[in-house]
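One structure is given below, encoded as structure tokens.
In my numbering, the protein residues as written are 384 to 595.
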């Protein structure tokens, strides 16, 4: 059995994901006139259609997708976009709080802020454009897919921890094990998982003490 991922490894990966997906989250910003009560739901549903389509694509392989480093990492990358979008709606802009929020929702891992901040400071020099790529705004389906695939590659470094991310129902997950038609079950399961991720992120972001 592989040793658990260290706090430093988790913080490093999640901070990189935050920085990488920030332009995409800004580009996908919900309509400004949308009432506050509907903003979290917008991220879960509107962005979810795009994100779930990308994250369900590996299910064309059926159950084979489970043994390849695809489903958990791509699905987690899609959920990260939604979680960070919801975090922005609740004014969560501090990098340490965003990392702690992603750790709680995506990994079911409690990382208090007093543990996250020193690790961010220690790794500050590693977050360069050379490591992450240019910070251009990513627009359109192709740009969104490219960003999520890059985030998935980062998340593959902590793939074992991603089994804890929000999942869809048993029925949809069972269908996703079938070749070809599994994409339908995968899509449904990822949409459900995204809604759960958005709801949990909204609850935690609305209660800062729960994150710290």
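Glycine is no exception: its CB is placed at the ideal position from the N, C-alpha and C atoms.
> Near residue 540, which residues of its chain fall below 6 Å by C-beta distance, leaving aside the five closest residues on each side in sequence?
Replying inline: 396
>> Between the alpha carbons of residue 428 and residue 418, how many angstroms are there, rounded?
In response: 15 Å
>> What residue range does the alpha helix (DSSP H) around residue 396 cover?
In response: 390-410
>> Could you give the first and the last residue of the continuous alpha helix (DSSP H) run that contains residue 423?
In response: 419-425
> Using the C-alpha atoms, what's the distance from residue 486 back to residue 493?
Replying inline: 7 Å
> Which residues in the same chain have their Cβ closer than 7 Å to the Cβ of residue 467, if we skip the five residues on either side of it in sequence?
Replying inline: 401, 404, 408, 481
> Which two residues bound the contiguous alpha helix (DSSP H) that contains residue 478?
Replying inline: 478-490
> Do residue 545 and residue 459 have their C-beta atoms closer together than 8 Å?
Replying inline: yes
> If you draw a straight line from the alpha carbon of residue 472 to that of residue 499, how long is it in whole angstroms?
Replying inline: 22 Å
> Short check: CB of residue 391 to CB of residue 502, under 8 Å?
Replying inline: yes
> By Cβ distance, which residues of its chain are closer than 8 Å to residue 424, with the 5 residues on each side in sequence left out?
Replying inline: 581
> In or out: residue 398 buried (at least 16 other Cβ within 10 Å) or exposed?
Replying inline: buried
> DSSP on residue 493, reduced to helix/strand/coil?
Replying inline: coil
> residue 572 and residue 488: beta carbons closer than 8 Å?
Replying inline: no
>> Which of the three DSSP states is assigned to residue 413 in this structure?
In response: coil
>> Below 8 Å on the Cβ atoms is my contact criterion, and I expect residue 542 with residue 456 to pass it. Report the Cβ-Cβ distance as a whole number of Å.
In response: 6 Å
>> Please return the same chain residues whose Cβ sits closer than 6 Å to the Cβ of residue 490, not counting the five positions on each side in sequence.
In response: 544, 547
>> If I measure Cβ to Cβ from residue 550 and keep anything under 6 Å in the same chain, skipping five residues before and after, which residues do I get?
In response: 576
>> Measuring only the C-alpha atoms, how far is residue 528 from residue 389?
In response: 29 Å
> Pick from 533, 412, 574, 497: whose alpha carbon is nearest that of residue 470?
Replying inline: 412
> When the Cα atoms are used, what is the spatial distance from residue 354 to residue 420?
Replying inline: No information on residue 354 is available, as it lies outside the stretch 384 to 595 that the chain covers here.
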